[in-house]
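Report on the following structure.
This is the structure:
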């Protein structure tokens, strides 16, 4: 198996632009206990990273709501339903339009590393080669 680094991003904690966290420099664990965390379904890589992060940091949320896709999570956060961890690349437009804000506290950043995994010493179809070439020319960031 061949593993090739592809790109990186980070999961950022987002809130509505009206949420008090959008202006706070430091957020305490007491603050989090009052919040609803919107997160992906079990089995999602993002959910696994967030669970590990929260367990390591011993952060706890009063309520948690499972949502099956990032787009819905973004809309729910904009509506003020809760806060969430999402890939920064997924919220670029909403951040630029000031619909969402990232929580300014750097302790809420979770790094993500993307890799391309392929079989070694195996015939590669032209479409797979074209896709691999595309990935190398157009990284995510």
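Residue numbers (my numbering): 1171 to 1311.
Using N, Cα and C, we set each Cβ at its ideal position, and we do this for glycine too.
Selection from 1281, 1280, 1186, 1298 that minimises the alpha carbon distance to residue 1288: 1298
Residue 1333, DSSP secondary structure in three states: Nothing in the structure corresponds to residue 1333, since the chain is present only between 1171 and 1311.
Rounded separation between residue 1176 and residue 1285 - CA only: 5 angstroms
contact_flag[the region 1294-1308, the region 1233-1250] where n(CB pairs < 8 angstroms) is 3 or more: no
Own chain residues within Cβ distance below 6 angstroms of residue 1254, not counting five before or after: 1184, 1208, 1243, 1247
From 1292, 1279, 1304, residue whose alpha carbon lies closest to that of residue 1223: 1279
CB-CB length for residue 1269 against residue 1187, believed under 8 angstroms: 6 angstroms
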